[in-house]
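In terms of my numbering, the sequence shown opens at residue 583 and continues consecutively.
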Amino acid sequence: MATQFTSLSFLANWKTRFVYFLLLPIINLLLLVLIDLQYTNRFNWYVAAASVVIDSASLAVQSMSQLLITDANLGIDIELIAKRPYSFYYWKTKVLTSLIAGLLLGIINLLLLLAIGLPLDLFLRCLLMLPLACIYGCVLGFTGWGMSWQMKNPYYFSNWLISIITIVSGVLVLISDYPEWLKVISYIFPFYELVNFIRLRSSTLELSFVIALKLSNFLCK
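Below is the structure:
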């Protein structure tokens with residue numbers, strides 16, 4: 583596990599840790615809150631809280647893809663596919679490392695929000711959704727790596743997924759209010775049900791499981 587963490591560039595020193603675990607999530611949170619405030623004329627805690635959960639998922643995506651790309655650069659991917667593609671130990675270390683990174687970001691920033699007034703029930707709902715969001719992030723990280731495998735830019739699809747994750751999760755606007763083309767794209771991803779649970783206290787989480795399984799099976803086949 584220690585070797586896996588050293589492979590993550592954002593853990594290289596205290597400056598990168600500060601940027602990834604505090605500065606960037608806070609900037610994203612403030613931007614979303616200000617945009618929402620402009621249109622609703624009131625402060626919505628769920629926007630701030632859901633933003634943190636989605637940022638945690640994004641970091642899990644980045645961690646998973648970065649770990650796999652590092653192995654690919656060392657030629658480990660070819661050997662793994664040829665000899666032990668279903669190695670439990672290999673995939674366990676990748677997933678756990680990515681989960682820990684995402685969970686750490688989420689817990690730190692949710693506690694900061696709680697300290698400045700985040701309602702306790704909303705905090706607890708976010709904690710409940712946080713592990714699931716990070717698991718889905720691992721699935722997307724794996725998917726992005728697989729789609730970019732042996733491309734000149736191995737981060738291409740992972741970066742693309744990270745860039746749209748806030749939009750397709752519906753943090754600012756309910757997916758049902760999106761135009762049809764964007765609604766269809768959003769339904770491909772498993773995050774909108776998590777955000778709905780944070781916002782509305784109810785959601786069809788089973789649907790998000792099915793979507794995540796389909797994304798993982800897309801490459802396993």
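Don't be surprised by glycine CBs; every beta carbon is placed ideally from N, CA and C.
Just so you know, these numbers come straight off a predicted model, no measurement behind them.
- Put simply, the stretch 619-635 touches the stretch 685-703. At least three CB pairs are less than 8 Å apart.
- For Asp653, same chain residues with a beta-carbon under 6 Å away, outside a window of 5 residues either side, are Asp659 in chain order.
- Three or more pairs of CB atoms, one per stretch, sit closer than 8 Å, so the stretch 642-649 contacts the stretch 730-740.
- Segment contact: the stretch 758-773 against the stretch 661-668, fewer than three CB-CB distances shorter than 8 Å; contact not assigned.
- Phe773 and Ile636 do touch by the CB rule: their CB atoms are close to 6 Å apart, below 8 Å.
- For Pro713, the enclosing alpha helix (DSSP H) stretches over residues 702-730.
- Of the other Cβ atoms in all chains shown, fewer than 16 fall within 10 Å of the Cβ of Thr622; this residue is therefore exposed.
- Gly684: member of the alpha helix (DSSP H) spanning 670-697, first to last residue.
- CA-to-CA, the gap between Gln586 and Gln620 works out to about 42 Å.
- Annotated three-state conformation of Asn741 is helix, per DSSP.
- For Ser758, no alpha helix (DSSP H) run applies, since DSSP gives it neither H nor E.
- In the structure shown, Tyr769 adopts coil according to DSSP, grouped into three states.
- Judged by DSSP in its simplified three-state form, Arg783 adopts coil rather than helix or strand.
- Leu692 and Ser591 have their C-alpha atoms spaced approximately 23 Å apart.
- For the set Ile608, Tyr602, Leu678, Val615, the Cα lying nearest the Cα of Met583 is the one of Leu678.
- Per DSSP, Tyr602 lies in no alpha helix (DSSP H) segment and is marked neither H nor E.
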